[in-house]
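Numbering (full-length UniProt numbering), first residue to last: 1 to 212.
Don't be surprised by glycine CBs; every beta carbon is placed ideally from N, CA and C.
Comments concern the structure below.
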């Protein structure tokens, strides 16, 4: 048991999410599909921000959690429904954590992640012949209700980068990311297998334990 001082505020209990409609605050169809798959067993009917013609807010946060929260707040406010937003990205040790929160922007206006992966590869080579390939994915999931209540959960998956990219599954940087201890990239493994080990799954497990 944790003893609270007389002036310490007690922990705020998690709010439970019941069955019904929920907005996935993303225009990235890969994320929408993956999050929808994770939510389906809980009786949640998902609708994407794109389906509702919701605008994509400018991501002005300096962390994954801050960007996830601003997207979730915007979608919940505009739709009048609970909204779940994901902000995730690839952090490469040799690049000082880049592309990080700018992972999608490295793909350019056309969201071409083949280009983004090549940029990452070229940037690592530019640091020198001894540059390491250690990297990790981070995912922040923020769930916001229309009244402004918000809860955020963060997960991480460690691994290394391979070149050339391998596999046709997944999206984003998946084809160049080899999870720690694995022999296949996120792009090569079956989507159900990825759901069990990914950064998004780690964040989602924390979310489901709290709100369902």
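Check: Selection from 211, 78 and 92 that minimises the alpha carbon distance to residue 53; Outcome: 78
Check: Nearest residue (CA-CA) to residue 211, options 157, 33 and 150; Outcome: 150
Check: Inside the region 147-209 only - beta strand (DSSP E) runs reaching at least 3 residues; Outcome: 150-161 and 177-179
Check: Top-ranked residue by Cα proximity to residue 195, from 24, 143 and 35; Outcome: 35
Check: Of the listed residues 60, 65, 75 and 50, nearest to residue 147 (C-alpha basis); Outcome: 75
Check: Coarse secondary structure for residue 41, derived from DSSP in three states; Outcome: helix
Check: Distance cut-off 8 Å: residue 74 Cβ against heavy atoms of the ligand HEM; Outcome: In the structure on display, the ligand HEM does not appear, and there are no ligands present to speak of.
Check: Sufficient close CB pairs (3 or more, under 8 Å) joining the region 131-140 to the region 59-68; Outcome: yes
Check: Short Cβ contact (9 Å threshold) for residue 50 with residue 88; Outcome: no
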